[in-house]
Amino acid sequence: MVKIRLQRVGRSGLPLYRIVVQDARVARNGKVIEVLGHYNPLKDITELNTELLEKWLSQGAQMTPRVAKLYKFYKKIREQQVQ
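Under the numbering used here, the first residue of the sequence shown is numbered 30, with each subsequent residue one higher.
This is how it looks when you write it as structure tokens:
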């Protein structure tokens, strides 16, 4: 099964995350199929390629709960910026 999840990068005390597509059996920082974006929890900045994310969802990939929450928040922010 393929999952869309967070991969921690950065250093101690300064967490940064990549939003990646990985096989569910691979370790958190293991082999990545594709990078979809990044997330900085300290500055609450999210950058996400929604076209790629929706492509993977249509192919059967599943989002982790945290990525689903980030995606929902990202869509809400983008809608407010358009208006």
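Backbone N, C-alpha and C define an ideal beta-carbon position, used for all residues, glycine too.
Note that the segment 51 to 63 does not touch the segment 103 to 110; fewer than 3 beta-carbon pairs, one per stretch, sit closer than 8 angstroms. Just so you know, the alpha carbons of Pro94 and Leu86 end up roughly 14 angstroms apart. Between Thr75 and Tyr68, the beta carbon gap of about 5 angstroms places them in contact (Cβ cut-off 8 angstroms).
Burial is judged here by how many other beta carbons sit within 10 angstroms of a residue's own beta carbon; Arg37 has fewer than 16 and is exposed. Annotation: Val64 is outside any alpha helix (DSSP H); the continuous beta strand (DSSP E) that includes it extends over 63 to 69. If you draw a 10 Å sphere on the C-beta of Leu82, you find 16 or more other C-beta atoms in it, and that means buried.
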